[in-house]
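Counting from 1 along the sequence shown, just add 6 to a position and that's the residue number in our numbering.
For reference, the structure discussed in these notes is given below.
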Amino acid sequence: MAALNGAPARAFIGLLCLWWLLLLLFYTFPQIDLYVSTHFFVRQSCKAAALGESCGYFPYRHETYLRLIRVFLFRLPYVIAIVMLWKLVACYWHSGATFNAARARALKLALGSLIIGPVILVNLVLKANSGRPRPWQTLDFGGHLDFVQAGSWAGRCSSNCSFISGEAASAGWMFCLIFLIPQPARSGLALPLVAISFLSPAIRVAFGAHYLSDAVLGWLSSVVVFTGLVALTVSPQPEKKTEI
């Protein structure tokens, strides 16, 4: 109970409230999503024009180098997770004085937040059931489905839907790893991790695969889950620096 009154718990509550406030903002002003996506969409004349029809494409989606970067960023979190799992197993090969409890705790925290956040909450729950079409699936951007705002479950997407972005959630998870890396490695890895964590959701928006709200809320969801786990697992006693 003492841990729940500490800084991690306050950070968790603050970030959770921020997540809901941002959702309310995007729900109330859906034109924000449409405005941002419009800047990545090239309109073309339709061959057989119909009422309300909009034809065109998202050009960045067809850039080979961006597609390769996207594939790399998509797989990177799970490659990191496999390495972490291997290190966690290696930790438990030791016992007694050679067992690094701080490292084991950091690895379990990182893997737990990945499983609870991007895997379960985002991909298995929200994306599978929200029903929000991706931008390129909507009538506004050359698709065949109606646009629905963030937080609405009235969309007609049947699976792997837009709300919220799974890749943005994985990127947010990688951002959280900065806080588990000890110095001096943190100073060298912080900037690349920050760049990667913002580049991945930005590419998804540019591709027309997600709206801005999907990317922002997806990214922040992992930070919320991570701080929540920290609040639940933090020890009131001082600990040694964690190492991954």
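Where is the CB? At the ideal position from N, CA and C, for every residue including glycine.
Residue i in three-state terms, based on DSSP
i: Gln-143; result: helix
i: Ala-237; result: helix
i: Gln-37; result: helix
i: Cys-23; result: helix
i: Leu-57; result: Legend: pLDDT at Leu-57 = 49, less than 50; position of this residue unreliable, no value from coordinates given.
Residue range of the beta strand (DSSP E) that includes residue i
i: Cys-61; result: 61-63
i: Val-48; result: 48-50
Which listed residue (the options) has its alpha carbon closest to that of residue i
i: Phe-46; options: Tyr-66, His-100, Asp-152 and Leu-30; result: Tyr-66
i: Lys-53; options: Leu-130, Ser-136 and Gly-148; result: Gly-148
i: Leu-151; options: Arg-81, Ser-158, Gly-157 and Arg-138; result: Arg-138
i: Leu-30; options: Ala-177, Leu-238 and Ser-158; result: Ser-158
i: Leu-326; options: Ala-177, Cys-61 and Leu-183; result: There is simply no residue 326 to check, as the chain begins at 7 and stops at 250 in what is shown.
i: Gly-178; options: Tyr-98, His-216, Leu-226 and Ala-191; result: Leu-226
i: Gln-143; options: Phe-80, Tyr-98 and Tyr-63; result: Tyr-63
i: Arg-140; options: Leu-238, Ser-60, Arg-210 and Ala-110; result: Arg-210
i: Leu-132; options: Asp-39, Ser-165, Ala-107 and Arg-81; result: Ser-165
i: Thr-44; options: Val-236, His-216 and Val-231; result: His-216
i: Ser-60; options: Leu-28, Leu-235, Asp-146 and Val-95; result: Asp-146
i: Val-251; options: Gly-214, Arg-192 and Gly-161; result: The chain is shown from 7 up to 250; residue 251 falls before or after that span and cannot be answered.
i: Cys-23; options: Val-231, Leu-72 and Trp-99; result: Val-231
i: Lys-163; options: Ile-75, Phe-185 and Ala-134; result: Checking the displayed sequence, the identity of residue 163 turns out to be Cys instead of Lys. It is Ala-134.
i: Ala-201; options: Glu-69, Thr-239, Leu-79 and Ser-101; result: Leu-79
i: Ala-112; options: Val-95, Ala-156 and Ser-176; result: Val-95
i: Ala-212; options: Gln-50, Leu-72 and Leu-21; result: Leu-72
Exposure of residue i, with buried meaning 16 or more beta-carbon neighbours within 10 Å
i: Gly-194; result: exposed
i: Pro-14; result: buried
i: Leu-130; result: exposed
i: Gly-123; result: buried
i: Thr-233; result: buried
i: Gly-224; result: buried
i: Ala-237; result: buried
i: Gln-189; result: exposed
i: Phe-181; result: buried
i: Gln-37; result: exposed
N-terminal and C-terminal residue of the alpha helix (DSSP H) that residue i is part of
i: Val-200; result: 191-212
i: Gly-118; result: 107-120
i: Glu-173; result: 172-182
i: Trp-159; result: No alpha helix (DSSP H) holds Trp-159; DSSP gives it neither H nor E.
i: Ala-3; result: Because the chain here runs from 7 to 250, residue 3 falls outside it and cannot be looked at.
Near the ligand ADP: residue i beta-carbon under 7 Å from a heavy atom
i: Gln-189; result: Absence of the ligand ADP from the depicted structure is noted, as is the absence of any ligand whatsoever, leaving it without description.
Count the CB pairs spanning the region 211-227 and the region 83-92 that are closer than 8 Å, and state whether there are at least three. no
Whether or not the region 164-171 and the region 199-216 are in contact is what I'm after, with contact meaning three or more pairs of Cβ atoms, one per stretch, closer than 8 Å; do they touch? yes
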